[in-house]
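Novice:
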Amino acid sequence: MESSGTNRYRHLRNYKCSDTKRSYYLFVRSEYEETYSQLLRVSAEAFDTFFDYHLEVATCSIDHTQYIQTALKKQWPQVHVVSCAIHML
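UniProt numbering applies: residue 1 is where the sequence shown begins, and numbers increase by one.
1. List the DSSP bridge partners of H80.
2. Could you tell me which of E33, E34, A46, P77 sits nearest to residue 110, measuring between CA atoms?
3. With distances taken Cα to Cα, identify the nearest neighbour of C84 among A71, F50, T65.
4. Return the residue from the list V79, A71, A58 that minimises the CA-CA distance to residue 101.
5. Judging by CA-CA distance, which residue of F47, A58, Y53 is the nearest neighbour of V82?
6. Any idea what DSSP makes of D52, helix, strand or coil?
7. Does DSSP classify S43 as helix, strand or coil?
8. Return the CA-CA distance between E33 and L40, expressed in angstroms with no decimal places.
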């Protein structure tokens with residue numbers, strides 16, 4: 001169920017990366033494909049709403065979690081998924 005206005009984005013939390021000062025990380029409270037699918041869908045909708053631009057993700061760095069990759073591919077079928085460098089150590 002979606003509420004009107006910006007209330008539908010209240011569950012998103014973003015944090016500025018201390019290394020790059022440009023990157024943001026989005027966190028979810030449950031580790032399921034459906035949760036990530038909703039997060040990505042709402043993020044794309046918010047980008048459209050606030051920046052008036054259709055978001056197309058070309059590359060995404062993630063840990064080795066299949067449900068995140070599956071959710072990414074559902075939202076953006078052309079996305080190139082790479083492994084996060086810190087998770088390879």
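Heads up, the beta-carbon is just placed ideally off N, CA and C, and yes, glycines get one too. Just so it is clear, the structure is predicted and the values come from calculations on it, not from any experiment.
Specialist: This is what the structure holds:
1. Beta-bridge pairing links H80 to T59.
2. Since the first residue shown for the chain is 1 and the last is 89, residue 110 is missing from the structure and cannot be characterised.
3. It is T65 whose Cα lies nearest to the Cα of C84.
4. Residue 101 lies beyond the range of the chain shown here (1 to 89); nothing can be said about it.
5. A58
6. coil
7. helix
8. 11 Å
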